[in-house]
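Mind the numbering: the sequence shown is residues 5 to 166 in the numbering used here, read in order. The beta carbon of each residue, even a glycine, is placed where N, CA and C say it ideally should be. Accompanying notes for the structure given below.
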Amino acid sequence: MFYWDKPQFYGVKTQASNVAQSRGDYTADMFKEDFPQFFDTYGVCLLPDTIQKEFISQASAVIQPDKWLDGWRYAAGLYVAHYATLYLRTYAEHSSTPSQAAGTGALVGVVESATLGDATVKYDADALTKATEGWGDLNATQYGQMLASKARLVGMAGNYVI
C-alpha cells in the first residue's frame, strides 16, 4: 500500500508487526443463532441487555476478523459465551445481605474430594487448566478454554504440526 503524501515505507512497520487492524461486527442475532443455550424458549437472552451488548462490543473489538479469518464468528461467539457464563455464575436477582452479594462472586474449582462427616469439600482446577496456563480467566469456562486453544493456533499463523 502506497501513500502519496507519506514516506515510502509509511505503514510497513505496522503491517510487519502483525498487529490487527480491523474491528469485527458481531451481533446479538449471531450470538442467538450460534449459542441458543443463552436464550429462553421465547428467544429472550438470559443476560441483561446492557451486559449482552457490552460483551458483544468487547468481542467485536478483541477478536479481529483479519487475524481469525473464517474462524472469526465462532471465536467472537466463544468470547461472548465465556463472559456470559462467568456473569451468569455470579447472577442473583437480589441479595438480602452483603455476604450473600459477595458469595455470588466466590471462586469455585473442580471438586477433587468430598467428605460427608463434618462436610469437607476440596476443589482443584489444576488438571483442567494446565494446557492454557497463563491465559487468565479463560480457564474458568469450557468456552474460554476452547477460545484459548484456538487463539494459540491463530497466533502460530499456520505453523501447527500434528
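Under DSSP, Phe43 takes part in a beta bridge, and its partners are Cys49. Just measuring C-alpha positions, the residue of Thr54, Val48 and Ala65 sitting nearest Ser26 is Ala65.
A direct Cα-Cα distance of roughly 7 Å separates Asp44 from Leu50. Counted as a single uninterrupted DSSP element, the alpha helix (DSSP H) harbouring Asp70 occupies residues Pro69 to Trp72. Here Ile60 is not near Tyr91, since their CB atoms are 8 Å or more apart. Within the same chain, Lys126 come within 7 Å of Ser117 by CB-CB distance, once the 5 residues on both sides are set aside.
Beta-bridge annotation (DSSP): Val66 is not paired with any residue.
Counting only the Cα atoms, Ser103 lies some 37 Å from Glu37.
Annotation: the continuous alpha helix (DSSP H) that includes Ala80 extends over Trp76 to Thr94. Contact between Ala123 and Trp139 does not hold, since the beta-carbon distance rounds to 33 Å and is not under 8 Å.
Between Ile67 and Ala79, the CB-CB gap stays under 8 Å. Nearest neighbour of Ala88 by Cα position, chosen from Met34, Phe42, Ser99 and Lys154, turns out to be Phe42.
Residue environment for Ala63: buried (at least 16 other C-beta atoms within 10 angstroms of its C-beta). Of the other Cβ atoms in all chains shown, fewer than 16 fall within 10 Å of the Cβ of Leu120; this residue is therefore exposed. Annotated three-state conformation of Ser117 is strand, per DSSP. Boundaries of the alpha helix (DSSP H) harbouring Gly107: Pro102 to Gly107, taken from the DSSP string.
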